[in-house]
Amino acid sequence: MQRLLTPAKHILQVKRLIQEASLIPGHLLSAAHHRFSTVPAVPLAKTDTWPKDVGILALELYFPAQYVDQTDLEKFNNVEAGKYTVGLGQTHMGFCSVQEDVNSLCLTVVQRLMERTKLPWDSVGRLEVGTETIIDKSKAIKTVLMELFQDSGNTDIEGIDTTNACYGGTASLFNAANWLESSSWDGRYAMVVCGDIAVYPSGNARPTGGAGAVAMLVGPNAPLVLERGLRGTHMENVYDFYKPDGASEYPLVDGKLSIQCYLRALDRCYTVYRQKIQNQWKQAGIDRPFTLDDLQFMIFHTPFCKLVQKSLARLMFNDFLSASSDTQTSLYKGLEAFRGLKLEDTYNNRDVEKAFQKASLDMFNKKTKSSLYFSTHNGNSYTSSLYGCLASLLSQHSAQDLAGSRIGAFSYGSGLAASFFSFRASQDASPGSPLEKLVSSISDLPKRLASRKRMSAEEFTEIMNQREQFYRKVNFSPPGDLNSLFPGTWYLERVDELHRRKYARRPV
Numbered sequence: 048m049q050r051l052l053t054p055a056k057h058i059l060q061v062k063r064l065i066q067e068a069s070l071i072p073g074h075l076l077s078a079a080h081h082r083f084s085t086v087p088a089v090p091l092a093k094t095d096t097w098p099k100d101v102g103i104l105a106l107e108l109y110f111p112a113q114y115v116d117q118t119d120l121e122k123f124n125n126v127e128a129g130k131y132t133v134g135l136g137q138t139h140m141g142f143c144s145v146q147e148d149v150n151s152l153c154l155t156v157v158q159r160l161m162e163r164t165k166l167p168w169d170s171v172g173r174l175e176v177g178t179e180t181i182i183d184k185s186k187a188i189k190t191v192l193m194e195l196f197q198d199s200g201n202t203d204i205e206g207i208d209t210t211n212a213c214y215g216g217t218a219s220l221f222n223a224a225n226w227l228e229s230s231s232w233d234g235r236y237a238m239v240v241c242g243d244i245a246v247y248p249s250g251n252a253r254p255t256g257g258a259g260a261v262a263m264l265v266g267p268n269a270p271l272v273l274e275r276g277l278r279g280t281h282m283e284n285v286y287d288f289y290k291p292d293g294a295s296e297y298p299l300v301d302g303k304l305s306i307q308c309y310l311r312a313l314d315r316c317y318t319v320y321r322q323k324i325q326n327q328w329k330q331a332g333i334d335r336p337f338t339l340d341d342l343q344f345m346i347f348h349t350p351f352c353k354l355v356q357k358s359l360a361r362l363m364f365n366d367f368l369s370a371s372s373d374t375q376t377s378l379y380k381g382l383e384a385f386r387g388l389k390l391e392d393t394y395n396n397r398d399v400e401k402a403f404q405k406a407s408l409d410m411f412n413k414k415t416k417s418s419l420y421f422s423t424h425n426g427n428s429y430t431s432s433l434y435g436c437l438a439s440l441l442s443q444h445s446a447q448d449l450a451g452s453r454i455g456a457f458s459y460g461s462g463l464a465a466s467f468f469s470f471r472a473s474q475d476a477s478p479g480s481p482l483e484k485l486v487s488s489i490s491d492l493p494k495r496l497a498s499r500k501r502m503s504a505e506e507f508t509e510i511m512n513q514r515e516q517f518y519r520k521v522n523f524s525p526p527g528d529l530n531s532l533f534p535g536t537w538y539l540e541r542v543d544e545l546h547r548r549k550y551a552r553r554p555v
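Per the numbering used here, residue 48 is the first one in the sequence shown, and the count goes up by one each step.
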């Protein structure tokens, strides 16, 4: 833990000197604040060098305590067996009762991260929330999270909410890294919070729901480093998925268009990313094309798991089209018939899709499948989906497996905004190293998912109807049994007549 805390050395002491100089009364600082007063924290923001290896130091994942089995939903909805489990690649779907909203999800995941890392609350200098679950058109989730920092006296925390469908979490992560690498950095950590509740009306889209939240501690000397200068981004104006009706939780979705937009954004982001990394290589004297072979792992935003397998195949198709004729013949045997095709003409080409899914199957099993554990068992959690995949990857591999690896990441938010970027894992996987600590902290993910309560499709549908009934309602306390929540979970206690929300925490 000492190694985790070192990037922020002495800043707490500097802040206290400033407070004393300003004659701030000592009694305003809580006992907890004084307890952490000797924790090292150093302001490095005024040095002339970049902070080294900015990235993810710690990660926490939260999901609801109940789920519905997709086979039960198939029977309940009178669809053919395998429509959701095979067609979508989904096994279970987590969901929230009226007792939980996006604020409570984010409160829970931040509290869990801070308690697990034992960080002082005043060691956080930036906190940004990525979400598309909007319950107030003015008041940010970030302001609700400030309740957790109250006893520490730490109100000097930059950042606010960022919204564009499922992309807000990635935008928040980029903003955190940008802050750490700027003159604004004061030496403290940044925290990125991604949280959403994905719900749909009854029908074909409902099985693609889910819920969850991720909190990431971002700072220098990280075991998962954001590779600097390697972001390929694509943005455009399209209506594939959007939420124009403030009276409803549900989005408007054009499913076929959304998948096409996802794949088109993937093509364009990957093209830009490859150009940037190849330019970096050329400056280092390396002149060769970048391909999927240069990624040891690849994670994707996951609306449903089947789309991810198609997406990895799509990246292989990109590599194939950009390869020389000789390379196409030697490395992509049996695929020569697809030479000369253009990416933009193949989004509905089933022959291309099937051929490259088959050709990339081994690569999918090695690089990507392990990242889908959380999504398979919990569903889509919008902004936290990609980072749930990162948590899954960490939970399914040892630190030794991950050491030195490059992890590609594709983030997509409808409307649309998308980026392809990468992490580089630390070479040091020794016991007690930051990478080993990060991996071990998330290794209990399968056990935690298995501890949830299975609800029937009828019970799930009743709770969805309750969510509709109480959406935008005032002056009520949510129904439900608090014992159904995981210990330590924050929950919505009451909404008063002025729409003000009060939260409480189930005892640990």
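Even glycine gets a Cβ: it sits at the ideal position worked out from N, Cα and C.
Please read all numbers here as calculations on a predicted model, not as lab measurements.
Check, Outcome
"In this structure, what does DSSP give as the bridge partners for residue 208?", "176"
"Can you name the residues that DSSP bridges to residue 537?", "552"
"In whole angstroms, what is the alpha-carbon distance linking residue 487 and residue 477?", "12 angstroms"
"Is it right to say residue 204 is buried, meaning 16 or more other beta carbons lie within 10 angstroms of its own, or is it exposed?", "buried"
"Quick check: the region 113 to 131 against the region 269 to 278, are at least 3 beta-carbon pairs closer than 8 angstroms?", "no"
"Evaluate the contact criterion for the region 425 to 433 versus the region 248 to 263: three or more CB pairs, one atom per stretch, below 8 angstroms.", "yes"
"Who are the Cβ neighbours of residue 78 in its own chain at under 6 angstroms, not counting the five residues just before and after it?", "Low confidence applies here, because residue 78 scores a pLDDT of 34, under 50, leaving its location unreliable; read the following figure in that light. No residues qualify anywhere along the chain."
"How many angstroms separate the CA atom of residue 537 from the CA atom of residue 153?", "9 angstroms"
"Under 8 angstroms, do residue 109 and residue 140 count as touching if we go by C-beta distance?", "no"
"Reducing DSSP to helix, strand and coil, say where residue 122 ends up.", "helix"
"Between residue 188 and residue 150, which are expected to be in contact by the criterion C-beta below 8 angstroms, what is the C-beta distance as a whole number of angstroms?", "6 angstroms"
"Taking the alpha-carbon positions, what's the residue 502 to residue 457 distance?", "32 angstroms"
"Touch check for the region 393 to 409 and the region 435 to 444: three-plus C-beta pairs under 8 angstroms?", "no"
"Ordered along the chain, which non-local residues of its own chain (more than five positions away) have a Cβ less than 6 angstroms from that of residue 535?", "555"
"Which same chain residues, not among the five before or five after residue 137, have their C-beta less than 7 angstroms away from its C-beta?", "117, 131, 254, 351, 352, 423 and 426"
"Under the three-state reduction of DSSP, which class applies to residue 531: helix, strand or coil?", "helix"
"Nearest-angstrom Cα distance between residue 198 and residue 176?", "21 angstroms"
"To which residues of the same chain is residue 411 closer than 6 angstroms at the C-beta, ignoring the five residues directly before and after it?", "356 and 359"
"When you compare only the Cα positions, how much space is there between residue 62 and residue 105?", "In this prediction, residue 62 has a pLDDT of 41, which is less than 50 and means its spatial position is unreliable; what the coordinates show is noted afterwards. Cα-Cα distance, rounded: 24 angstroms."
"Using the DSSP secondary-structure output, state which residues sit across from residue 213 in a beta bridge.", "211"
"Per DSSP, what kind of secondary structure is residue 344 in: helix, strand or coil?", "strand"
"Could you round the C-beta distance between residue 195 and residue 158 to whole angstroms and report it? I think they count as a contact, below 8 angstroms.", "6 angstroms"
"Where residue 143 and residue 397 are concerned, what is the direct C-alpha to C-alpha distance, given to the nearest angstrom?", "36 angstroms"
"Here's a check: name, in chain order, each residue in its chain whose Cβ is nearer than 6 angstroms to the Cβ of residue 102, leaving out the five neighbours to either side.", "269, 271, 272 and 273"
"Spatial neighbours of residue 511 within its chain, please: C-beta separation below 8 angstroms, excluding the five flanking residues on both sides.", "142, 246, 249 and 253"
"To the nearest whole angstrom, what separates the beta carbons of residue 433 and residue 346, a pair I think is in contact under 8 angstroms?", "6 angstroms"
"Whose C-beta lies closer than 8 angstroms to the C-beta of residue 454 among residues of the same chain, with five residues either side of it excluded?", "271, 342, 343, 344, 345, 346, 437, 440, 469, 470, 471 and 472"
"Could you tell me whether the region 297 to 316 touches the region 386 to 394, using the rule of 3 or more Cβ pairs below 8 angstroms?", "yes"
"Could you name each continuous alpha helix (DSSP H) segment of 4 residues or more that falls completely within the region 358 to 444, going from the start of the chain to the end?", "372 to 378, 397 to 406, 408 to 414, 420 to 425 and 432 to 443"
"Using a Cβ-Cβ cut-off of 6 angstroms (strictly less than) and excluding sequence neighbours within five positions of residue 306, which residues of its own chain qualify?", "none"
"Can you tell me whether residue 383 is buried or exposed, with buried defined as 16 or more other CB within 10 angstroms of its CB?", "exposed"
"To the nearest angstrom, how far is the alpha carbon of residue 97 from that of residue 228?", "6 angstroms"
"Run the CB neighbour count on residue 193, radius 10 Å, all protein chains shown included, and call it buried at 16 or more, exposed below.", "exposed"
"Buried or exposed for residue 48, going by 16 or more other Cβ atoms inside 10 Å?", "Model confidence at residue 48 stands at a pLDDT of 39, short of 50, so the residue's coordinates are unreliable and nothing is read from them."
"State the DSSP-derived secondary structure class of residue 143, mapped to helix, strand or coil.", "coil"
"Runs of 3 residues minimum, wholly inside the region 262 to 326: which ones carry the beta strand (DSSP E) assignment?", "271 to 282"
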